[in-house]
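Inspection log for the structure reproduced underneath, given as structure tokens.
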Amino acid sequence: MKPAHKITLIPGDGIGPEVTRAAVRILEATGLKFEWESFQAGAEAYEKYKEYIPKELIDSIERTRVGLKGPVSTPVGGGFSSINVALRKKFELYANFRPIRNLPHIPTRYPDVDLIIIRENTEGLYSGLEHEVVPGVVESLKVITEKASTRIARFAFEYARKNQRKKIHAIHKANIMKLSDGLFLRCCREVAKAYPETTYGEHIVDNTCMQLVMNPYQYDMLVMENLYGDIISDLCAAFVGGLGLVPSANLGEQCAIFEAVHGSAPDIAGKNIANPTAVIRCALLMLRHLGEHEAALKVRDALEKVYRNREKLTRDVGGKAGTSEFADSVIEMMESSAAVSPATQVSRA
Ligand code: NAI
């Protein structure tokens with residue numbers, strides 16, 4: 000019998016506990032064994048531990064090296080700094096990988112979208128370096144380094160090479176931020192030279208938004224600094240049905256944390272109506288990261304069947320089912336596929 004996978008679970012707040020619970024139930028239904036080390040982060044953790052990121056949580060990630068995370072709210076315009084950004088920096092999770100792909104039978108403006116967004120995760124305008132120079136004047140520093148820019152560009156080109164992707168566009172605003180985005184571009188160009196099989200292009204970020212909405216198929220992979228990646232991935236989520244559907248992985252040399260692109264959605268929290276698909280797709284990415292490809296296929300097939308079937312979809316994609324009912328349905332699909340005899344499976348392959 001295989002040993003259990005030890006995973007740090009951060010349920011998060013808002014819709015976080017509802018959607019991560021759905022993903023955990025589905026992971027457990029794959030037949031694999033998991034040992035969950037569960038911790039709160041953010042405001043809820045502060046009430047208990049007087050720390051926004053408890054030491055126990057840090058220790059756990061250092062031990063397990065793999066986390067599954069629900070969204071954690073960040074107060075607007077004051078209060079504590081983003082827990083999400085802090086975790087990415089703490090564990091050097093420098094690459095934020097965001098695949099944008101359609102699910103079957105979700106009516107969207109564009110069918111068959113297949114885009115990969117690679118977002119630099121540790122610096123840019125998310126460096127948290129802001130100060131008031133004098134009352135009424137604030138500076139916010141954008142940090143771009145050769146090291147981080149080269150590292151993210153290399154990550155993108157390596158991914159393209161290993162996954163037969165054809166094209167990478169670096170997204171920038173180097174016409175205005177000549178030094179910072181200029182450095183980012185120089186690093187991308189330098190790395191691109193070592194990957195002649197991948198077509199390399201550059202687009203300015205505002206134009207990219209327009210180009211994406213006009214014709215997303217012109218892009219294959221996009222690589223960019225932190226803020227542009229944050230904004231563009233929400234825009235691209237709309238191509239495939241919205242924020243409830245899009246996963247992401249924060250990847251570093253030592254650890255990985257898998258979390259949805261969406262936030263804590265306070266407007267729908269606690270009502271059992273959030274779509275857990277994004278976190279379930281994160282769980283899929285996590286299974287692949289753990290080398291559990293068969294289980295990942297099983298979950299993906301079941302998820303797609305639930306979408307094809309259309310009876311148990313959540314409201315954001317035109318259904319009436321609750322979060323937990325959706326998860327029940329994915330589990331039922333997994334169980335009914337397992338019940339098909341191996342002979343039938345072979346004849347279908
Ligand atoms: P949001 O992603 O939470 O919500 C935006 C809209 O999308 C809302 O109408 C919401 O109902 C809908 N939505 C999001 N996820 C959904 C799901 N799974 N199913 C159905 N509908 C869904 O973005 P917002 O409102 O800007 O942020 C809320 C909070 O989340 C803020 O405190 C923010 O800081 C935090 N946040 C945390 C993130 C993380 O933990 N990685 C990422 C983004 C935001």
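Per numbering that gives the first Met the number 0, residue 0 is the first one in the sequence shown, and the count goes up by one each step.
Cβ atoms here follow ideal geometry from the backbone N, Cα and C, with glycine treated the same way.
Predicted, not measured: the structure shown is a model, and the values here were computed from it.
DSSP three-state assignment for residue i, whether helix, strand or coil
i	result
S340	With a pLDDT of 49 at S340, under the threshold of 50, the modelled position of that residue is not reliable, and no figure is offered here.
V137	strand
K373	Residue 373 falls outside the range modelled here, since the chain spans only 0 to 348, and no answer is possible.
L296	helix
D229	helix
P275	coil
H288	helix
L178	coil
E91	coil
P16	helix
L250	strand
S37	strand
A259	strand
A320	strand
S335	helix
Supposed contact pair residue j and residue i - C-beta distance, whole angstroms, cut 8 Å
i	j	result
I25	V298	6 Å
N271	S323	6 Å
Residue i versus residue j - alpha carbon distance
i	j	result
N225	G243	21 Å
H410	A237	Any answer about residue 410 is impossible in this case: the structure gives the chain only from 0 up to 348.
L283	V133	49 Å
E258	V245	9 Å
M332	V305	7 Å
P215	V112	7 Å
L140	P110	39 Å
S336	K5	27 Å
H202	R280	29 Å
R164	C208	21 Å
D315	E189	43 Å
I82	A94	17 Å
R307	D300	10 Å
Residues bridged to residue i [DSSP beta-bridge criterion]
i	result
A169	E201 and V222
F96	I117 and A248
Any C-beta of chain C under 7 Å from that of residue i
i	result
V112	Looking at the structure shown, chain C is missing, and only one protein chain is on hand.
Any non-hydrogen atom of the ligand NAD within 6 Å of residue i CB
i	result
T322	Summarising the ligand content, the structure contains the ligand NAI and does not contain the ligand NAD.
Q. On the three-pair Cβ rule with 8 Å, is the region 60–68 touching the region 237–255?
A. The region 60–68, when compared against the region 237–255, does touch it at the 8 Å Cβ threshold.
(Q) So, does the region 171–180 touch the region 126–140, judging by three or more C-beta pairs under 8 Å? (A) In short, these stretches do not touch, since the Cβ pair count stays below three.
Q: Give a yes or no on contact between the region 139–151 and the region 106–121, applying the rule of three or more CB pairs nearer than 8 Å.
A: Segments in contact, yes.
Q | Stretch-stretch touch, CB-based, cutoff 8 Å, three pairs: the region 261–270 with the region 7–15 | A | They touch, by the three-pair rule.
Q.
Check whether the region 150–165 and the region 186–197 are in contact - that is, three or more C-beta pairs closer than 8 Å.
A. They touch, by the three-pair rule.
Q) Is the number of C-beta pairs between the region 216–235 and the region 71–81 that are closer than 8 Å three or more? A) No, they do not touch.
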